[in-house]
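> The sequence shown begins at 31 in our numbering and counts up by one. I'd like to ask you about the structure that follows.
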Amino acid sequence: MKIKTIGHLVNVGKTKPNKPKVKIGKMNLTSFITMNYEQRTMNDEKNKAKQTQTKPISNVTLQKRNLTIYVNLRILCLRWRVSVVKMQKIIKYAIFKTRWGYFGLAGTENGLLRTHLPSLKSEKIKSQLLKNLKLVNRVSSIENQVYRIEFDKIFFKAIQERIAAYFDGACINLSNISIVLDGFSFFVTSVLTACRNIEFGRTISYSGLAKKLGRTTVARALGAALAKNPLPLIIPCHRVVRKDGKIGGFSAPGGKELKAKLLKHEHTALTHRKSL
Numbered sequence: 031m032k033i034k035t036i037g038h039l040v041n042v043g044k045t046k047p048n049k050p051k052v053k054i055g056k057m058n059l060t061s062f063i064t065m066n067y068e069q070r071t072m073n074d075e076k077n078k079a080k081q082t083q084t085k086p087i088s089n090v091t092l093q094k095r096n097l098t099i100y101v102n103l104r105i106l107c108l109r110w111r112v113s114v115v116k117m118q119k120i121i122k123y124a125i126f127k128t129r130w131g132y133f134g135l136a137g138t139e140n141g142l143l144r145t146h147l148p149s150l151k152s153e154k155i156k157s158q159l160l161k162n163l164k165l166v167n168r169v170s171s172i173e174n175q176v177y178r179i180e181f182d183k184i185f186f187k188a189i190q191e192r193i194a195a196y197f198d199g200a201c202i203n204l205s206n207i208s209i210v211l212d213g214f215s216f217f218v219t220s221v222l223t224a225c226r227n228i229e230f231g232r233t234i235s236y237s238g239l240a241k242k243l244g245r246t247t248v249a250r251a252l253g254a255a256l257a258k259n260p261l262p263l264i265i266p267c268h269r270v271v272r273k274d275g276k277i278g279g280f281s282a283p284g285g286k287e288l289k290a291k292l293l294k295h296e297h298t299a300l301t302h303r304k305s306l
């Protein structure tokens, strides 16, 4: 049975409660979405905070961690030291007596690095050799290579005997001795290498040596290059003289007097050999 009311129809017997209809306007919908988004964002941040939250580290745990780091660093240092020792090469030097005084030489298994002409004091030879070898180490350290310097009285014993025989007056060829020219420019190395070919008892002018190098305009620069000679006698720069016959310069200890003495010594030895 239906009862009509004003503007409404009411079901009698099967009545249902009327649900209020919620009308969401345009502004209300935007607010609802914004509120929902903010709520979800806050929940996400809370969840992240819970996940990243860590318990405070105890002193015992911190000490163990520091100890582990320290031990690992010590192991790395020891390994580095072992690797350096393995990579390290040895420079040996020897000082021996000749008729002219004490002669010094130094080098590696690859060849001679430095020589020092005779002096009456062995300590002077030693200090000068060690000073020069420190320069070798300074250059080599750039290439991550450091040498250990040791004294060895029998180092290159055969070369010692040949040098001693030279000062005894024998005609000795020293041009076939192995040498190492590290840390020099290409020009200086070329000059020193060419100088090795000057024969015992012979001389050549600076301009003549420049011609052999094919660089006739660098005669003056040759003097500066020869002044850097690390192996006097082995590289016979004393055999290079001026074009006018004068002795020229000599930067090794003893200066021009020693240069003249060496040339006279070789000339005498050569003359004596020819007369035999």
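The C-beta atom is built at its ideal place from N, Cα and C for all residues, glycine as well.
Just mark V42 as buried or exposed, buried being the case when its beta carbon has 16 or more other beta carbons within 10 Å.
Along the sequence shown, read from residue 1 onward, the residue named residue 42 stands at position 12. Because the pLDDT of V42 is 48, which lies under 50, any placement of that residue in the model is unreliable, and the number read from its coordinates should be weighed accordingly. Under this definition V42 is an exposed residue.
> Is the beta carbon of A194 less than 8 angstroms from the beta carbon of T128?
Residue 194 sits at position 164 when you count from the first residue of the sequence shown. Residue 128 sits at position 98 when you count from the first residue of the sequence shown. Against a cut-off of 8 angstroms, the Cβ pair of T128 and A194 comes out as a contact.
> Any heavy atom of the ligand MG closer than 7 angstroms to the Cβ of L160?
Because no ligand of any kind appears in the structure shown, any question about the ligand MG cannot be addressed here.
> I believe I125 touches S152 by the beta-carbon criterion, under 8 angstroms. Please report the beta-carbon distance rounded to the nearest angstrom.
Against the sequence shown, residue 125 aligns to sequence position 95. Against the sequence shown, residue 152 aligns to sequence position 122. Under the criterion of beta carbons closer than 8 angstroms, I125 and S152 qualify as touching, at roughly 5 angstroms.
> Since I264 and L204 should fall inside the 8 angstroms C-beta cutoff, what is the C-beta to C-beta distance between them, to a whole number of angstroms?
Taking the first residue of the sequence shown as position 1, residue 264 is located at position 234. Taking the first residue of the sequence shown as position 1, residue 204 is located at position 174. I264 to L204, Cβ: 5 angstroms. Contact.
> Would you call A200 buried or exposed, if buried means 16 or more other Cβ atoms sit within 10 Å of its Cβ?
Numbered from its first residue, the sequence shown carries residue 200 at position 170. Of the residues assessed, A200 falls on the exposed side of the cut-off, its CB having fewer than 16 other CB atoms within 10 angstroms.
> Using only alpha-carbon positions, find the residue among H302, L159, P262 and V270 that is nearest to I121.
Taking the sequence shown and counting its residues from 1, one reaches residue 121 at position 91. I121 has its Cα closest to that of L159, out of H302, L159, P262 and V270.
> For V270, which beta-bridge partners are listed by DSSP?
In the sequence shown, residue 270 corresponds to position 240, counting from 1. In DSSP, V270 forms a bridge with I234.
> So, is H3 buried or exposed, given that buried needs 16 or more other C-beta atoms within 10 angstroms?
There is simply no residue 3 to check, as the chain begins at 31 and stops at 306 in what is shown.
> For L142, report the span of its beta strand (DSSP E) as first-last.
Working through the sequence shown from its first residue, we reach residue 142 at position 112. From DSSP, the beta strand (DSSP E) with L142 extends over G141 to S149.
> Starting from I120 and walking both ways along the beta strand (DSSP E), at which residues does that stretch end?
The count along the sequence shown starts at 1 and reaches residue 120 at position 90. Counted as a single uninterrupted DSSP element, the beta strand (DSSP E) harbouring I120 occupies residues K119 to T128.
> Quick test of your reading: F197 and E296, contact by CB under 8 angstroms. State the CB separation rounded to the nearest angstrom.
Along the sequence shown, one-based indexing puts residue 197 at 167. Along the sequence shown, one-based indexing puts residue 296 at 266. About 11 angstroms; that fails the 8 angstroms criterion.
> Quick one: what's got a C-beta closer than 7 angstroms to G284's C-beta in the same chain, skipping five residues either side?
Against the sequence shown, residue 284 aligns to sequence position 254. Closer than 7 angstroms at Cβ, skipping near neighbours: L147.
> In terms of DSSP beta bridges, what is P262 paired with?
Reading the sequence shown from its first residue, position 232 is the one you call residue 262. Answer is I265.
> Just how far apart, CA to CA, sit V221 and Y123?
Along the sequence shown, read from residue 1 onward, the residue named residue 221 stands at position 191. Along the sequence shown, read from residue 1 onward, the residue named residue 123 stands at position 93. Distance between the alpha carbons of V221 and Y123: 25 angstroms.
> Just the C-alpha distance for L142 and L288, rounded to the nearest angstrom, thanks.
Translated into the one-based positions of the sequence shown, residue 142 becomes position 112. Translated into the one-based positions of the sequence shown, residue 288 becomes position 258. Computed Cα separation, rounded: 22 angstroms.
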